[in-house]
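Novice: Submitted below is the structure of interest, expressed as structure tokens.
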Amino acid sequence: GAGVSQTPSNKVTEKGKYVELRCDPISGHTALYWYRQSLGQGPEFLIYFQGTGAADDSGLPNDRFFAVRPEGSVSTLKIQRTERGDSAVYLCASSLNSHTGELFFGEGSRLTVL
Amino acid sequence: QQQVKQSPQSLIVQKGGIPIINCAYENTAFDYFPWYQQFPGKGPALLIAIRPDVSEKKEGRFTISFNKSAKQFSLHIMDSQPGDSATYFCAASMAGNTPLVFGKGTRLSVIA
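See below:
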């Protein structure tokens, strides 16, 4: 498809485990964003990539969270030593260039930490 | 500190009514104000956006009204339909590659 693709759509893990969430942006979009959405809340910014580099990671809650985008396309959000409070929908979005253009969101990866 | 405050939290209107959702912000450096629509199980999708050089923007049945002095903006949906039932988020950002900050959302139900 032509949209932003996220896998897995659902992930259930145990407290303390490591998880990876993948995002495949729209082809040609240089900007990629990760947001986290808890139940009944708006999306909360985590990190933004322009090309391969993290241009702004100020939203990452702590050092258990890390994201990469090695070739400037697919990105992986990595969460170490998961905690129950990490349970949320992790949304990926891409845009043609900067923040003040349209963000195209994927359907999200729902993470449940038991 | 919540940078964009959205109200109401939920809203129920009859088909054909005009729901209005409001947002207020504090940071006067914000210069881009979009509204996103989200259906259950889907990601948010851009509905309409405005910049502070205009006070109103219309796209189809959707209108943004912007009041720069009051630091408020609102979404109006004309002739609302049951298919408009969704959660709506206001957002804001500044020029210079700063991230969008979102409101907490308004769950709209349009009943026939």
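From first to last, the protein sequence lines stand for chains Z and C. According to the numbering used here, the first sequence is numbered sequentially starting from 1. According to the numbering used here, the second sequence is numbered sequentially starting from 1. The C-beta atom is built at its ideal place from N, Cα and C for all residues, glycine as well. Remember, it's a predicted structure, so these values are computed and weren't measured experimentally.
Applying the criterion that 16 or more other CB atoms from any shown protein chain within 10 Å of the CB defines a buried residue, is Z:Ala2 buried or exposed?
Specialist: Sequence index remark: in the first sequence, residue 2 of chain Z carries index 2 (1-based). Exposed: under 16 other Cβ atoms inside 10 Å.
Novice: Applying a beta-carbon distance threshold of less than 7 Å, which residues of chain Z neighbour C:Phe39?
Specialist: In the second sequence, residue 39 of chain C corresponds to position 39, counting from 1. Within 7 Å Cβ-Cβ: nothing; C:Phe39 doesn't reach chain Z, min ~10 Å.
Novice: What does the alpha-carbon distance come out to for the pair Z:Ala55 and Z:Ala67?
Specialist: Here residue 55 of chain Z refers to the residue found at position 55 when the first sequence is read from its first residue. Here residue 67 of chain Z refers to the residue found at position 67 when the first sequence is read from its first residue. Going from the Cα of Z:Ala55 to the Cα of Z:Ala67 covers about 12 Å.
Novice: Is the beta carbon of C:Met78 sitting closer than 9 Å to the one on C:Ile12?
Specialist: As a working mapping, residue 78 of chain C is identified with position 78 in the second sequence. As a working mapping, residue 12 of chain C is identified with position 12 in the second sequence. Their beta carbons are not under 9 Å apart, which means C:Met78 does not touch C:Ile12 by this criterion.
Novice: Provide the residue(s) that pair with Z:Ser94 in DSSP beta bridges, ordered along the chain.
Specialist: Counting from one through the first sequence, the residue named residue 94 of chain Z turns up at place 94. Note: Z:Ser94 sits in a beta bridge opposite Z:Leu32 and Z:Phe104.
Novice: Z:Pro61 by DSSP, collapsed to three states: which one?
Specialist: In the first sequence, the residue the question calls residue 61 of chain Z occupies position 61. The answer is coil: DSSP assigns Z:Pro61 none of H, G, I, E or B.
Novice: Within 10 angstroms of its Cβ, does Z:Thr52 collect 16 or more other Cβ (buried), or is it exposed?
Specialist: Position 52 of the first sequence, counted from the first residue, corresponds to residue 52 of chain Z. Z:Thr52 is exposed by the Cβ-count criterion.
Novice: Would you mind working out which of Z:Glu107, Z:Phe49, Z:Glu20 and Z:Leu103 sits nearest Z:Gly72, comparing C-alpha positions?
Specialist: As a first step, residue 72 of chain Z must be located in the first sequence, where it is residue number 72. When each option's Cα is compared against that of Z:Gly72, the closest is Z:Phe49.
Novice: Does C:Val110 have its Cβ less than 9 Å from a Cβ in chain Z?
Specialist: Numbered from 1 along the second sequence, position 110 holds the residue referred to as residue 110 of chain C. Not closer than 9 Å to any Cβ of chain Z, the Cβ of C:Val110 fails to qualify, so no.
Novice: Considering only C-alpha positions, which residue in the set Z:Arg36, Z:Ile79, Z:His29 and Z:Thr112 is nearest to Z:Glu102?
Specialist: Mapped onto the first sequence, residue 102 of chain Z falls at position 102. Among Z:Arg36, Z:Ile79, Z:His29 and Z:Thr112, the Cα nearest to that of Z:Glu102 is on Z:His29.
Novice: Kindly indicate the opening and closing residues of the beta strand (DSSP E) around C:Pro126.
Specialist: Coverage of chain C is limited to positions 1 through 112, which leaves residue 126 of chain C absent and any answer about it impossible.
Novice: Less than 8 Å between C-beta atoms, sequence neighbours within five positions excluded: which residues of the same chain meet that for C:Val54?
Specialist: If you number the second sequence from 1, residue 54 of chain C lands on position 54. Cβ neighbours of C:Val54 beyond the five flanking positions: Phe66.
Novice: Are Z:Gly106 and Z:Val19 closer than 9 Å when you measure CB to CB?
Specialist: Taking the first residue of the first sequence as position 1, residue 106 of chain Z is located at position 106. Taking the first residue of the first sequence as position 1, residue 19 of chain Z is located at position 19. Not closer than 9 Å, so no.
Novice: Assuming contact is defined by CB atoms lying nearer than 9 Å, are Z:Ser109 and Z:Ser9 in contact in what I supplied?
Specialist: Locating residue 109 of chain Z in the first sequence gives position 109, counting from the first residue. Locating residue 9 of chain Z in the first sequence gives position 9, counting from the first residue. Against a cut-off of 9 Å, the Cβ pair of Z:Ser9 and Z:Ser109 comes out as a contact.
Novice: So is Z:Asp24 in contact with chain C if we call contact Cβ pairs under 9 Å?
Specialist: The count along the first sequence starts at 1 and reaches residue 24 of chain Z at position 24. No, no contact with chain C.
Novice: Taking Cβ-Cβ distances below 9 Å as the criterion, which residues of the segment 55-84 of chain Z are in contact with chain C?
Specialist: Taking 9 Å as the Cβ-Cβ cut-off against chain C, the residues of the segment 55-84 of chain Z that qualify are Ala55, Asp56, Ser58 and Gly59.
Novice: How is the beta strand (DSSP E) around Z:Glu20 delimited, first residue to last?
Specialist: Working through the first sequence from its first residue, we reach residue 20 of chain Z at position 20. Note, Z:Glu20: beta strand (DSSP E), Val19 to Asp24.
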